[in-house]
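In mature numbering (1 follows the signal peptide of the UniProt record, and there is no 0), the protein residues as written are -24 to -1, 1 to 246. Just so you know, even glycine gets a beta-carbon here, dropped at the ideal spot from N, CA and C.
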């Protein structure tokens, strides 16, 4: 029975950051406490000695389960974080190539028709001057020229309007796609809040466990069998609470992962 109470002192720090390598560091009896425990189990009644060993073994088993939970949670947490970041980046970039191309077409069209618009404005001014001068010949000439370019200008403006509308619609469609995907991801905020609450509860249980382990050391040194059994029971209850909260967190991380998977699959269809 060399190994004792895995994670009893270090998991509080570990729990904040999901660091399984630190979580695996064990807390062990000092040699004197280990000797006192062995002596107590040997001198106690067979029933009490067996119960002490059984509860001790159960506590060790629960702590081993906690290590596995920490490892699983850490893997899920960092995977979910990375996937969420990548997915949100992809969402922001939805149809950016298409939208950029359409925006370029609008700009090119406007530039293309600038000479026509300038010509039409110049012709209108010349027509106005001819009318002011009451020169029928020039008025007739510029009227014909203005009418010709007017029709071309109307077609040009319609072309620009069509391209602008297409560009605007593409932006609106992209925004709608972004909103749909972000709405799909929104529940993860709630799951993250639940994880935070579960972590807080586990942290509180960790503090109680740490305090109880100090008491356990003391009563073992005294050779108090009943007090040791009582302390072990309390430690077990605290450890079960920790494992229960971490199991909840693992479930929530899996739920977050499922939400991400659905959003990732949907993104591929857009």
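For residue 127, the nearest candidate out of 218, 228 and 89 (CA to CA): 89
For residue 131 and residue 105, the rounded distance between their alpha carbons: Linking residue 105 to residue 131 through their CA atoms gives a straight-line distance of about 26 angstroms.
8 angstroms Cβ shell around residue 234 - same chain, five flanking residues per side excluded: none
Contact check, residue 189 vs residue 203, beta carbons under 8 angstroms: no
Distance, residue 208 Cα to residue 38 Cα: 13 angstroms
Cut-off 7 angstroms between Cβ atoms - residues of its own chain near residue 256, not counting five sequence neighbours on either side: Outside the modelled stretch of the chain, which goes from -24 to 246, sits residue 256, for which no answer is possible.
Per-residue DSSP class, three states only, for residue 75: Helix at residue 75.
Stretch-stretch touch, CB-based, cutoff 8 angstroms, three pairs: the region 77 to 96 with the region 149 to 162: no
Span separating the alpha-carbon of residue 240 from that of residue 146: 21 angstroms
Beta-carbon proximity of residue 48 to residue 226, cut-off 8 angstroms: Yes; because the gap between Cβ atoms is below 8 angstroms, this pair is in contact.
Nearest to residue 91 (by Cα), restricted to the options 125, 219 and 31: 125
Spatial neighbours of residue 142 in its chain, beta-carbon cut-off 7 angstroms, leaving aside the 5 residues before and after: 78
Contact check, residue 160 vs residue 242, beta carbons under 8 angstroms: yes
Alpha carbon of residue 119 to alpha carbon of residue 71, nearest angstrom: Between the alpha carbons of residue 119 and residue 71 lies a distance of about 46 angstroms.
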